[in-house]
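S.K.: Last residue of the sequence shown: 1350 (the working numbering), numbering continuous.
Backbone N, C-alpha and C fix where the C-beta goes; we use that ideal spot for every residue, glycine too.
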Amino acid sequence: TKTAGIIGRWCPVHRGHQVVLQTLCRTYAHVLIGIGSANVTDYRNPFSVREVREMLRLVLAGHANYTLLPIDDYPDDEDWCDVMVEQFGMVGDFYSANPFVKSLLSPAYPVHHPAKLLRDQDKIRVSGSEVRARMARGLPVDDLLPPAIHSYIQAHQLDHRFRQEYGLHTLALETIIVH
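#1: Mind listing, in chain order, the continuous beta strand (DSSP E) runs of no fewer than 3 residues lying wholly within the stretch 1184-1216?
#2: Let's test the definition: count the other Cβ atoms within 10 Å of the Cβ of residue 1341 and tell me whether it reaches 16, buried, or not, exposed.
#3: Identify every residue that forms a DSSP beta bridge with residue 1174.
#4: If we count the other Cβ atoms within 10 Å of its Cβ and call it buried at 16 or more, is residue 1210 buried or exposed?
#5: Candidates 1199, 1191 and 1268: which alpha carbon is nearest residue 1290's?
#6: CA-CA distance, residue 1180 and residue 1208?
#7: Compute the distance between the beta-carbons of residue 1205 and residue 1227, then report whether it is under 8 Å.
#8: Could you give the residue range of the beta strand (DSSP E) that holds residue 1241?
#9: Give me the Cα-Cα distance between residue 1271 and residue 1285, rounded to the nearest whole angstrom.
#10: Below 8 Å between beta carbons: does that hold for residue 1218 and residue 1252?
#11: Tell me where the beta strand (DSSP E) around residue 1265 begins and ends.
#12: Do you know offhand how far residue 1314's Cα is from residue 1283's?
#13: In or out: residue 1274 buried (at least 16 other Cβ within 10 Å) or exposed?
#14: Could you give the first and the last residue of the continuous alpha helix (DSSP H) run that contains residue 1318?
#15: Is it buried or exposed for residue 1257, if we count other Cβ within 10 angstroms and need 16 for buried?
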């Protein structure tokens, strides 16, 4: 059986991520999970690599066939691709929902959309942007997050920190984009 690769920012790990990651771990002998933008902290990447690692471990409890790989952003796309290939090696399949990532990695890997892994009834439509927008407003996010992630965010007050540090920025950008 093959090794698969996937990269995301996982900020935060939501129910859609959970079903994809668990399916990857059940389907492949080993899964390399990239934590993208590891060197960036902003409204789209409000959680530390340590916090993201912990969230990923929580949703993958019971699975041991994965490796977490922090991947920094680079100003040059070619440099980023080189680092990706160096870190991920020769994975059999690569998964990304990001069309830009797919365009960059397609010369090196067969890149599939993660939804292709799932049966229609297992697909959960949720985005990190949607979760962060609700957090910025102080609205409940428990229906979008796995219970373990919701508990982790609450216990460490990550939602409050996010709202304090990036809430206004997140809402302002949403207003600019939507209106």
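M.R.: A quick look at the data gives this:
#1: 1201-1206
#2: Residue 1341 is buried by the Cβ-count criterion.
#3: 1201
#4: exposed
#5: Minimum Cα distance to residue 1290 is reached at 1191.
#6: Cα-Cα distance, rounded: 6 Å.
#7: no
#8: 1237-1241
#9: 15 Å
#10: no
#11: 1264-1266
#12: 27 Å
#13: The residue in question, residue 1274, is exposed, as its Cβ has fewer than 16 Cβ neighbours within 10 Å.
#14: 1318-1326
#15: exposed
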